[in-house]
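Numbering follows my numbering, with no gaps: position 143 of the sequence shown is 147. Below is one structure, written out as C-alpha cells; the observations come after it.
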Amino acid sequence: MQGTSGVSYAKSNLAYKCVEIAIAGDYGFINQAGGATAGETRLLDIFNYVDGFYDQHELDYKVVEVFTESSNQNTWGSSNSSQTLLDNFTSWGPNGFSVTHDQGSLYSTRDFDNSGVIGLAWLTSVCTNNRYGVMEYYSGWGNNLQYHSVDQTHEMGHNWSCDHDNSSSTYIMYPSLSGSNQTWGSQSTNSIANHKSSRNCLDNGECVTSVPPVADFVASVTDGCGSLTVQFTDQSTNAPNQWAWKFGDNQTSTQQNPSHTYSSPGNYTVELTATNSYGNNTETKTAYITVGTGSPYASAKGGPADNSFGGGGYFTSNDIRGIFFDAKTDIILESVWVDANSSGTRTIDVIANATANTTDGTVTGTLLVSKDVSINSGQGRVTLNFDIPQGNNYFIKVTGSLVDMYRNNAGPSYPYNITDGASNNLVDLTKSNVIAPDELNYYYYFYDWSVRKKGCTTNTGLNEPSVDVAIYPNPAHQAVYVRLGQITENAQISLLNAIGQTVSIQQVSQGQATYSVQTGELPEGVYLLKVQSGQATHTQRIVVSH
C-alpha cells in the first residue's frame with residue numbers, strides 16, 4: 005500500500021537542507037503492528053523521533069512516501085540475512101517507491117543473521133543509488149518506539165558517512181545500541197557536515213509541502229449550559245496561512261485559533277476553511293457545540309485519590325496498558341491526576357467497545373476520542389473534557405512512545421464507583437488490562453477522576469428530566485433504539501456521521517413509542533443521534549461497533 009506522499013520545496017533558511025525520505029515496512033512488521041494503517045502510523049511515529057535527532061545538524065526531513073507490504077509476498081525476498089535484505093531493498097527502492105527520494109529505510113521483524121545484528125546501511129550514500137538502510141524491529145525493545153528510532157537514526161547516520169564511534173556508549177553511532185544512545189559525537193557531527201556540504205541534490209532550506217491544506221480543528225469543550233466559551237484550535241495540515249471560521253451563530257473569525265462565546269442555548273455547527281497558495285479545504289462539524297439552558301451538573305471525584313495506596317513505579321515498557329471503565333450515563337470526563345517522570349506531550353485515548361486479548365492484554369475496539377496533552381514532570385492535574393456516551397467497556401490509555409507515568413502494581417480496590425451529590429451513578433472503574441489473574445492487581449496512570457453528568461440541571465422539552473427519553477444500547481451493533489415518553493408534537497429522529505452527513509432519518513408521531521435505527525450496515529465509528537420535537541432537541545453521541 006502506498007501511503008503519505010507530496011512534493012517538497014524549500015523555505016528561506018539556507019542553513020538547513022531539505023531531505024526527502026521514503027519508508028517501508030515488510031509484512032511481518034505491518035502484521036505485528038496490527039495492519040496497514042497501524043503499521044504506517046508506527047513507522048511515522050518512530051520517524052518523528054529520528055527527525056529530532058537530525059535537527060541539530062540542520063537537516064529537515066520530509067516523509068514523501070510510506071510503503072506497507074500488504075501480504076506475505078516477499079517483496080524483498082525471504083532471507084534473514086541483513087546483507088541480502090539490504091541488497092534486495094536497494095535494487096527495489098528506485099522504482100518500487102513511486103516518489104523521488106534522497107534516502108530510504110525498511111523495517112522488518114526478521115531476526116537478522118541470528119547474531120544480534122539489528123541494522124545495516126550503505127556508507128556515504130545520500131542521494132546515490134545506495135541511499136538505503138534496513139532495520140530489525142528488535143523484539144527486546146518491545147514497542148518502545150524511542151529505542152527503535154535510535155536504530156534507524158544510526159543506520160541513516162551511515163548513509164551520512166558516519167563510521168562507528170567507540171568513544172562513548174551514549175553516542176548514537178556506538179556499535180552496540182540501547183535506549184541510552186541519545187547524542188552525537190564530534191566525529192559523527194563532522195562526518196555529517198562534510199557529506200551534507202557535498203550533496204547538491206538537496207534543496208536549501210526547510211521542507212514545505214506544495215499541496216492544499218487539509219482542514220481540521222478541535223474544541224476545548226463541546227458541551228455547556230447557559231453560555232459557553234470555547235477555544236478552537238486549528239489542526240489543519242499542509243501549512244495553511246489563512247483561516248475562515250463560521251461558528252454557527254452568525255459569527256465568524258479569521259484567526260488561526262479563535263476563542264468564541266456562545267451566549268444562547270442551541271446546537272451549533274462549526275466550519276473551518278483553511279487556505280494556502282495551492283488551494284483551500286473546508287471541515288464542517290455538524291451540531292458540534294451543544295449549549296443547554298440551566299446550570300451544569302456538579303462535578304464529582306472518584307477513583308484512587310493518588311498513587312500512595314500501594315507499590316509501583318514509572319512505566320516505560322510499552323503503551324498498551326490502561327484502565328477499563330463503564331459510563332453509567334452520558335458524562336464529561338473533565339480531568340485526572342497524574343504523576344509523570346518526565347515532561348513531554350502524551351496522547352491520551354479512550355477506546356469504545358474495548359476487549360483485551362489473552363496473550364499480552366492488548367486492547368482493540370473503536371477509538372472514541374484522542375487528545376495530545378503537554379504534561380510536566382511531577383504530580384498534577386490534566387484537563388481532558390472528554391465527551392463519553394453512556395456505555396460499558398471503555399478503555400483509557402496513553403498511546404505512543406512517551407508514557408513514563410506512575411502506575412501501581414499492588415493495592416487497588418476495584419471497582420471504583422463515582423457518584424455525584426444528586427446520587428447520579430456516573431462511572432465505574434473496573435480493572436486494568438493486565439492478563440488474568442492479575443488484572444485487579446494493577447492500576448495505571450489516571451487517578452482522582454473529575455467527572456460530571458452531561459447536560460444541564462434545568463431544561464425544556466425532550467431534555468426535561470421528567471420526560472422519558474432513552475437511547476440504547478451504546479455502543480450499538482445492529483440497531484440503536486430510541487424510547488420516547490409522552491411527546492405532544494410529532495418528532496424526527498436523525499442519525500449523522502462524523503462529517504455531518506445524515507445517514508438515516510425517520511418521522512414519528514406524537515405519543516409514546518420505541519423506534520429502532522438500523523446500524524448494522526454502517527461503518528464503525530462515532531455518530532450523532534438527534535431527536536427533534538417542536539422547539540426541543542435532544543442529541544446524543546453513539547458509537548457503532550460490530
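In this text, a Cβ means the ideal position worked out from N, Cα and C, and glycines have one as well.
C-alpha gap between residue i and residue j, whole angstroms
i, j, result
"Leu371", "Leu337", "16 Å"
"Glu443", "Gly365", "9 Å"
"Thr258", "Tyr282", "18 Å"
"Ile196", "Cys166", "7 Å"
"Ala278", "Gly316", "46 Å"
"Val377", "Ile335", "20 Å"
"Gln153", "Arg411", "Sequence check: residue 153 is Ser here, not Gln. Looking at the two C-alpha atoms, the distance is approximately 25 Å."
"Tyr551", "Pro477", "Shown here, the chain extends from 5 to 550; a query on residue 551 therefore has no answer."
"Val68", "Asp49", "15 Å"
"Tyr519", "Tyr485", "6 Å"
"Phe313", "Ala360", "26 Å"
"Gly296", "Asp64", "48 Å"
"Trp249", "Val274", "7 Å"
"Ile422", "Val373", "21 Å"
"Leu533", "Thr387", "27 Å"
"Glu287", "Pro217", "11 Å"
"Asn280", "Ser240", "11 Å"
"Ser498", "Gln522", "11 Å"
"Cys22", "Ala480", "48 Å"
"Gly81", "Leu89", "7 Å"
"Ala356", "Gln383", "28 Å"
"Asp220", "Arg46", "22 Å"
"Thr193", "Pro179", "16 Å"
"Ile176", "Asn52", "16 Å"
"Ala302", "Ser339", "14 Å"
"Arg487", "Val455", "26 Å"
For residue i, three-class secondary structure by DSSP
i, result
"Val54", "helix"
"Pro300", "strand"
"Phe116", "helix"
"Gly108", "strand"
"Thr94", "helix"
"His61", "coil"
"Gln544", "strand"
"Glu443", "coil"
"Tyr151", "helix"
"Thr88", "helix"
"Ala414", "coil"
"Ala19", "coil"
"Phe33", "helix"
"Leu124", "strand"
"Thr464", "Note on Thr464: pLDDT 40, under 50, position unreliable in the model; the coordinate value appears next. Note: Thr464 maps to coil in three-state DSSP."
"Thr265", "strand"
"Ala309", "coil"
"Thr41", "helix"
Identity of the residues DSSP links to residue i by a beta bridge
i, result
"Arg456", "Ile336"
"Glu69", "Ala26"
"Ser508", "Leu499"
"Trp80", "Paired residues: none, contrary to the question."
"Tyr451", "Trp341"
"Thr256", "Lys250"
"Leu433", "Phe329, Tyr420"
"Asn284", "Thr279"
"Thr351", "Asp376, Thr403"
"Asn271", "Thr294"
"Met409", "Phe319, Ala344"
"Ser520", "Tyr485"
"Tyr136", "Gly108"
"Gly529", "Val548"
"Thr359", "Thr368"
CB contact below 7 Å: residue i versus chain D
i, result
"Lys457", "Here chain D cannot be found, since the structure has a single protein chain."
Beta-carbon separation (whole angstroms), residue i vs residue j, contact threshold 8 Å
i, j, result
"Asp169", "Gln191", "5 Å"
"Gly326", "Lys401", "3 Å"
"Phe345", "Ser381", "In the sequence as displayed, the identity of residue 345 is Asn instead of Phe. Their Cβ separation, rounded to whole angstroms, is 6 Å, which keeps Asn345 and Ser381 in contact under 8 Å."
"Ala26", "Gly108", "5 Å"
"Ser405", "Asn148", "7 Å"
"Cys229", "Gly298", "5 Å"
"Asn322", "Gly38", "Not quite, the Cβ-Cβ distance comes to about 13 Å (not below 8 Å), so this is no contact."
"Trp453", "Val431", "7 Å"
"Val354", "Ile392", "7 Å"
"Asn84", "Asp106", "28 Å between Cβ atoms; not a contact."
For the region 177 to 254, list the alpha helix (DSSP H) runs that are entirely contained and at least 4 residues long, ordered along the chain.
-> Fully enclosed alpha helix (DSSP H) runs of 4 or longer: 190 to 201.
Length-filtered (3 minimum) beta strand (DSSP E) runs lying within the region 366 to 404 = 367 to 379, 382 to 392, 395 to 403
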